[in-house]
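Following: one structure in structure tokens, then a few remarks.
Number of protein chains: 4
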Amino acid sequence: MDGFERRKEQSKEDIRRAAEELFSKFGADKVSVNDIARKAGVSQATIYNNFGSKDELVHDYRKSIVSNISGRFREILVWKKSYLEKFQGLLQSWIDVTDRYNIEIERSGTKQSPDTIGQEIENSFREFIKEGKEQGNLRTDLSEEALTAYIKFFQQGIANNPEIRDRMRRDEKLSNGLLSLFIYGIRGQS
Amino acid sequence: MDGFERRKEQSKEDIRRAAEELFSKFGADKVSVNDIARKAGVSQATIYNNFGSKDELVHDYRKSIVSNISGRFREILVWKKSYLEKFQGLLQSWIDVTDRYNIEIERSGTKQSPDTIGQEIENSFREFIKEGKEQGNLRTDLSEEALTAYIKFFQQGIANNPEIRDRMRRDEKLSNGLLSLFIYGIRGQS
Amino acid sequence: MDGFERRKEQSKEDIRRAAEELFSKFGADKVSVNDIARKAGVSQATIYNNFGSKDELVHDYRKSIVSNISGRFREILVWKKSYLEKFQGLLQSWIDVTDRYNIEIERSGTKQSPDTIGQEIENSFREFIKEGKEQGNLRTDLSEEALTAYIKFFQQGIANNPEIRDRMRRDEKLSNGLLSLFIYGIRGQS
Amino acid sequence: MDGFERRKEQSKEDIRRAAEELFSKFGADKVSVNDIARKAGVSQATIYNNFGSKDELVHDYRKSIVSNISGRFREILVWKKSYLEKFQGLLQSWIDVTDRYNIEIERSGTKQSPDTIGQEIENSFREFIKEGKEQGNLRTDLSEEALTAYIKFFQQGIANNPEIRDRMRRDEKLSNGLLSLFIYGIRGQS
DNA sequence: AATGAATGAGGGTTCATTCAT
DNA sequence: GATGAATGAACCCTCATTCAT
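Protein chains in written order, with numbering that gives the first Met the number 0: chain A, 0 to 189; chain B, 0 to 189; chain C, 0 to 189; chain D, 0 to 189.
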């Protein structure tokens with residue numbers, strides 16, 4: 000990659016970074032192309048040269064999240080550890096990614112592109128659930144559907160509540176408590 | 000209240016109703032003041048005379064949700080039924096309200112007002128948890144904080160996933176499955 | 000019409016007038032909404048309030064031309080005068096309208112709306128041709144198609160050549176010459 | 000001409016060709032420099048290196064039309080054929096060129112350069128008219144001005160109405176009809 | 001000499017808000 | 001008190017043009 004390409008990649012990366020920061024802070028809807036341009040130190044036109052449209056920029060942003068998550072999750076799923084430890088790993092990964100991107104769980108019902116992020120997570124967890132059931136780590140009396148929804152609630156809950164994420168990081172008791180709740184429910188281990 | 004004031008209240012109520020319908024259908028961001036005015040059959044200016052700004056109209060909308068929820072929850076909390084039945088009642092209420100208002104979980108980081116809706120729900124549940132612990136219906140080994148977060152995840156999960164709400168309504172197994180998961184977690188009843 | 004409506008109509012008429020002047024001078028493509036707004040002494044938004052889009056404003060402009068022409072032509076077609084005098088009348092009308100609007104003959108082949116102006120003129124002339132043939136004022140050895148095209152060339156020729164229009168107005172000899180050419184062609188009266 | 004210059008000329012010719020194709024298809028206004036660059040397989044900057052500005056490129060395009068027409072016309076004017084046949088030849092040439100370049104008749108009032116194409120045609124025809132008058136093929140009772148305008152109307156009529164050109168090519172009767180009209184006018188040969 | 005990248009100026013359009021009546 | 005009309009600021013996007021390499 001010579002000087003030219005480096006410069007282009009530099010700009011593109013600057014834009015990406017600026018977009019990431021702003022999108023994650025305020026949500027893509029609230030961020031204008033102008034905002035991003037200012038933050039990246041380029042003109043609006045440069046953004047269009049590099050990404051074509053705001054939509055594509057948002058797309059790129061979401062794709063980068065997905066790829067980030069996918070990578071982390073794939074790694075964890077092959078860990079040689081206990082099911083619980085893996086689950087903790089997934090949760091921690093999820094918290095990290097969520098924190099970084101301040102992911103918005105997209106509302107369905109709009110004409111937006113499908114929620115690729117949620118989809119990716121769901122797929123990963125689905126595999127995890129199958130494994131858990133097979134290995135006797137999960138209840139077998141419930142449908143995959145119910146388990147998926149349950150896990151989804153957790154995952155989204157973490158995504159949507161930064162203040163809880165915050166407290167989890169500082170307060171291990173809360174972290175463990177939630178994990179325990181997840182595993183044993185509100186009734187607790189008998 | 001004389002004729003004038005009655006008419007004024009009439010307009011105000013029309014606006015409120017129009018706003019509610021549109022906000023709940025498309026989200027406050029996607030609805031313009033003009034949209035509301037047309038739907039309410041008044042001029043935009045009338046909206047400003049009555050509410051001062053769009054922000055205040057949104058505020059009003061959110062407050063009406065809160066008061067709606069509060070009422071329902073207060074009723075349920077004094078039911079003479081089992082803890083579980085009450086919980087089911089709360090959940091159902093929450094689903095109903097969520098469906099009606101298509102509640103958006105507000106993101107922090109913006110200059111918006113604090114998430115009054117979530118706050119209200121949280122308060123109600125906090126009381127419910129206290130009661131549950133006292134009556135031995137909930138694990139006592141976990142902090143109120145953890146339990147609150149857990150319940151919040153559930154509540155938001157239902158709010159944010161209309162397709163799951165939908166399936167719950169049609170498929171009692173899923174509904175019961177999720178309730179069971181909530182109560183006993185993924186490990187299941189021992 | 001009270002003060003309110005008058006004000007609105009005032010603005011709308013101002014905008015129309017400004018648009019007409021600019022469109023006719025530079026062509027709709029070269030005129031921006033901002034140009035019109037400045038000339039009309041209103042904000043761009045006002046134009047959108049009144050016309051919805053630039054396209055509709057252009058539409059309105061073209062429709063007003065058509066209706067202007069139509070009226071004039073209809074009047075002339077019922078004149079109790081000789082065929083030639085009528086033709087002169089039509090031509091003069093056409094020159095006047097063309098001068099006022101500096102009509103662009105739209106290029107076919109683009110996705111623009113059909114050339115309603117040309118269409119209207121053509122219709123009027125078609126009727127005129129039929130009458131001329133019936134009354135023995137026009138050659139009957141030629142197809143209506145050929146005659147229509149011939150007349151169209153004349154009409155467009157006048158539209159597209161302001162400098163000729165100009166000279167025609169000042170120099171009756173040219174005017175009569177062209178009329179004679181139209182009637183007897185380059186060979187001349189035998 | 001060494002390798003460098005040859006390559007430069009190559010680029011320049013590529014650009015010209017691309018511009019011609021696009022201008023003639025969509026009109027100079029609707030074609031962006033980028034469009035041309037992509038089609039020519041060069042960078043936008045190369046276009047500026049070779050032509051200085053888009054305006055000059057348009058200029059160049061129009062000049063090439065003029066030179067094309069001029070050449071054809073000059074050839075025809077020295078034909079050893081009847082006046083009518085020559086006229087037919089001119090007309091046919093004009094149709095061909097018009098079809099190839101999809102010539103736009105420029106509107107006055109803009110800051111564009113004068114209509115060089117029309118000017119060139121006019122000059123050619125002026126000569127032709129002089130010849131026609133001298134040889135008794137044209138009426139002598141009319142000013143050169145009127146005759147020129149008459150011919151111009153025809154020429155522009157053909158340029159501006161592709162659908163008529165089309166029908167002329169397929170339907171010899173229309174073609175002959177128009178020629179006859181041109182020669183004998185609407186009154187017809189006595 | 002050719003290029004990839006960047007840009008300023010301007011395009012059409014929307015919207016929350018204000019103001020004269 | 002309600003309204004019709006008007007508006008400034010912002011939004012996304014395009015394009016002719018320039019400049020470092």
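We treat Cβ as the ideally placed atom computed from N, Cα and C, and that holds for glycine.
Item to check | Interface residues of chain A facing Gln155(B) [CB-CB closer than 7 Å] | outcome: Position 156 of the second sequence holds residue 155(B). Near Gln155(B) (Cβ distances below 7 Å), the residues of chain A are Gln155, Gly156, Asn159.
Checklist entry - Helix, strand or coil for Asn175(A) per DSSP? => result In the first sequence, the residue the question calls residue 175(A) occupies position 176. Correct three-state label for Asn175(A): helix.
Item to check | Any C-beta of chain A under 7 Å from that of Phe50(B) | outcome: Residue mapping note: residue 50(B) aligns to position 51 of the second sequence, counting from 1. Answer no: the Cβ-Cβ gap between Phe50(B) and chain A never drops below 7 Å.
Next on the checklist: Residues in the same chain with beta-carbon distance under 8 Å from Arg16(A), minus the five sequence neighbours each way, listed in chain order, please.
Outcome noted: Translated into the one-based positions of the first sequence, residue 16(A) becomes position 17. Cβ neighbours of Arg16(A) beyond the five flanking positions: Ala39.
Checklist entry - Residues of chain C with a CB under 8 Å from the CB of Lys151(D): which are they? => result The count along the fourth sequence starts at 1 and reaches residue 151(D) at position 152. Within 8 Å Cβ-Cβ: Gly156, Asn160, Ile163.
Checklist entry - Expressed to the nearest angstrom, what Euclidean distance is found between the alpha-carbon atoms of Asp143(A) and Arg125(A)? => result Here residue 143(A) refers to the residue found at position 144 of the first sequence. Here residue 125(A) refers to the residue found at position 126 of the first sequence. With the sequence shown as reference, residue 143(A) is identified as Glu, and Asp is not the correct amino acid for it. Cα to Cα, the separation comes out at about 8 Å.
Next on the checklist: For Asn160(C), count the other beta carbons within 10 Å of its own beta carbon; 16 or more makes it buried, fewer makes it exposed. Which is it?
Outcome noted: Within the third sequence, numbered from 1, the residue matching residue 160(C) stands at position 161. So Asn160(C) counts as buried.
Next on the checklist: Suppose you measure from the CA of Arg99(A) to the CA of Gln87(A); what does that come to, to the nearest Å?
Outcome noted: To locate residue 99(A), count along the first sequence from 1; it is residue 100. To locate residue 87(A), count along the first sequence from 1; it is residue 88. So the alpha carbons of these two residues sit roughly 18 Å apart.
Item to check | Within 8 Å of chain D by C-beta, residues of the region 32–66 of chain C in sequence order | outcome: Here the close residues number zero.
Next on the checklist: Let me confirm a value: Asn122(A) is counted as buried when at least 16 other C-beta atoms fall within 10 Å, else exposed. Which label applies?
Outcome noted: Residue mapping note: residue 122(A) aligns to position 123 of the first sequence, counting from 1. Its Cβ having fewer than 16 others within 10 Å, Asn122(A) is exposed.
Checklist entry - Would you say Gly117(A) faces chain B, with C-beta separation under 7 Å as the test? => result As a working note, residue 117(A) is residue 118 in the first sequence. No, its Cβ sits nowhere closer than 7 Å to a Cβ of chain B.
Checklist entry - In chain order, what residues of the same chain lie with their CB nearer than 8 Å to the CB of Leu21(D), ignoring the 5 residues before and after it? => result Numbered from its first residue, the fourth sequence carries residue 21(D) at position 22. Excluding sequence neighbours, Leu21(D) sits near Val30, Asp34, Ile35, Lys38.
Item to check | Exposure label - Lys79(D); buried when at least 16 CB within 10 Å | outcome: Here residue 79(D) is taken as the residue at index 80 of the fourth sequence, counted from 1. Classification for Lys79(D): exposed.
Checklist entry - What in chain B is Cβ-close to Asp28(A), meaning under 7 Å? => result As a working note, residue 28(A) is residue 29 in the first sequence. Neighbours of Asp28(A) on chain B, chain order: Asp28.
Checklist entry - Roughly how many angstroms lie between the CA atoms of Leu137(B) and Arg166(A), to the nearest whole one? => result Here residue 137(B) corresponds to residue number 138 of the second sequence, with the count starting at 1. Here residue 166(A) corresponds to residue number 167 of the first sequence, with the count starting at 1. The C-alpha of Arg166(A) is placed about 22 Å away from the C-alpha of Leu137(B).
Checklist entry - CA-CA distance, Gln9(B) and Phe25(B)? => result As a working mapping, residue 9(B) is identified with position 10 in the second sequence. As a working mapping, residue 25(B) is identified with position 26 in the second sequence. Computed Cα separation, rounded: 24 Å.
Checklist entry - So what does DSSP say about Ile135(D), is it helix, strand or coil? => result What you label residue 135(D) is simply residue 136 of the fourth sequence in a count that begins at 1. Rather than Ile, the amino acid found at residue 135(D) in this sequence is Gly. The answer is coil: DSSP assigns Gly135(D) none of H, G, I, E or B.
Checklist entry - Got a sec: is the Cβ-Cβ distance from Leu178(B) to anything in chain A below 7 Å? => result On the second sequence, position 179 is the one that residue 178(B) refers to. Cβ-Cβ to chain A under 7 Å: no for Leu178(B).
Item to check | Per-residue DSSP class, three states only, for Arg16(A) | outcome: On the first sequence, position 17 is the one that residue 16(A) refers to. In this structure, Arg16(A) counts as helix in the three-state DSSP scheme.
Next on the checklist: Just to confirm my understanding: we take Lys110(B), look at its own chain, exclude 5 residues before and 5 after, and list those with CB closer than 6 Å. What are they?
Outcome noted: Here residue 110(B) is taken as the residue at index 111 of the second sequence, counted from 1. Because the pLDDT at Lys110(B) is just 42, under 50, the model does not fix this residue reliably, and the value given afterwards should be weighed accordingly. Closer than 6 Å at the Cβ level, and outside the excluded window around Lys110(B), lies no residue.
Checklist entry - Is the Cβ of Ile68(B) closer than 7 Å to any Cβ of chain A? => result Counting from 1 along the second sequence, the entry for residue 68(B) is found at position 69. It does not: the Cβ of Ile68(B) has no partner Cβ on chain A nearer than 7 Å.
Checklist entry - So which residues of chain A does Tyr100(B) contact, with C-beta pairs closer than 8 Å? => result By 1-based counting over the second sequence, the position of residue 100(B) is 101. Residues of chain A passing the Cβ test: none, with the nearest at roughly 13 Å.
Next on the checklist: Taking CB distances under 7 Å as the criterion, tell me whether Gly108(B) reaches chain A.
Outcome noted: Here residue 108(B) refers to the residue found at position 109 when the second sequence is read from its first residue. Because Gly108(B) sits at a pLDDT of 39, beneath the cut-off of 50, its placement in the model cannot be relied upon, and the following sentence gives the value as read from the coordinates. Chain A contact via Cβ: present.
Checklist entry - Of all the CB atoms in chain A, is at least one closer than 7 Å to the CB of Glu130(B)? => result Position 131 of the second sequence, counted from the start, is the residue given in the question as residue 130(B). Glu130(B) does not count as touching chain A.
Checklist entry - Apart from the five residues just before and just after Ser174(C), which ones in its own chain have a Cβ nearer than 6 Å to its Cβ? => result Residue mapping note: residue 174(C) aligns to position 175 of the third sequence, counting from 1. Cβ neighbours of Ser174(C) beyond the five flanking positions: Met167.
Next on the checklist: Distance cutoff 7 Å, beta carbons only. Does Leu90(B) sit that close to anything in chain A?
Outcome noted: Here residue 90(B) refers to the residue found at position 91 when the second sequence is read from its first residue. Judged by the 7 Å Cβ criterion, Leu90(B) is not in contact with chain A.
Checklist entry - What residues in its chain sit with their C-beta under 8 Å from that of Lys85(A), if we drop five residues either side in the sequence? => result For the purposes of this step, residue 85(A) is taken as the residue at position 86 of the first sequence. Sequence-distant partners of Lys85(A) (beyond 5 residues in either direction) whose C-beta falls short of 8 Å from its own C-beta, in its chain, are Ile75, Leu76, Trp78, Phe127.
Checklist entry - Which whole-angstrom value describes the C-beta separation of Leu180(C) and Leu141(D), a residue pair presumed to lie in contact below a C-beta threshold of 8 Å? => result Counting from 1 along the third sequence, the entry for residue 180(C) is found at position 181. Counting from 1 along the fourth sequence, the entry for residue 141(D) is found at position 142. Rounded, the Cβ-Cβ distance is 7 Å, consistent with contact.
Checklist entry - Which two residues bound the contiguous alpha helix (DSSP H) that contains Lys151(B)? => result For the purposes of this step, residue 151(B) is identified with residue 152 of the second sequence, where counting begins at 1. Lys151(B) -> alpha helix (DSSP H) spans 143–159.
Checklist entry - How many whole angstroms separate the CB atoms of Thr97(B) and Ile150(B), which I take to be in contact at a CB cut-off of 8 Å? => result Residue mapping note: residue 97(B) aligns to position 98 of the second sequence, counting from 1. Residue mapping note: residue 150(B) aligns to position 151 of the second sequence, counting from 1. Going by Cβ atoms, the distance from Thr97(B) to Ile150(B) rounds to 15 Å, so no, they are not a contact pair.
Item to check | Which of helix, strand or coil DSSP assigns to Gly108(C) | outcome: Indexing the third sequence from 1 puts residue 108(C) at position 109. At Gly108(C) the pLDDT is 38, less than 50, meaning the model places this residue with poor confidence and gives no usable figure here.
Checklist entry - Closest Cβ-Cβ distance between Tyr82(D) and chain C: below 7 Å? => result Position 83 of the fourth sequence, counted from the first residue, corresponds to residue 82(D). Judged by the 7 Å Cβ criterion, Tyr82(D) is not in contact with chain C.
Checklist entry - Which residues bound the alpha helix (DSSP H) around Gly40(B)? => result As a first step, residue 40(B) must be located in the second sequence, where it is residue number 41. Premise fails: Gly40(B) is in no alpha helix (DSSP H) and is neither H nor E.
Item to check | Completely contained alpha helix (DSSP H) runs for the region 18–87 of chain B, where each covers 4 or more residues | outcome: 32–39, 43–50, 53–76
Checklist entry - Would Ala17(A) count as contacting chain B if we go by Cβ distances under 7 Å? => result Within the first sequence, the letter at position 18 stands for residue 17(A). Chain B contact via Cβ: absent.
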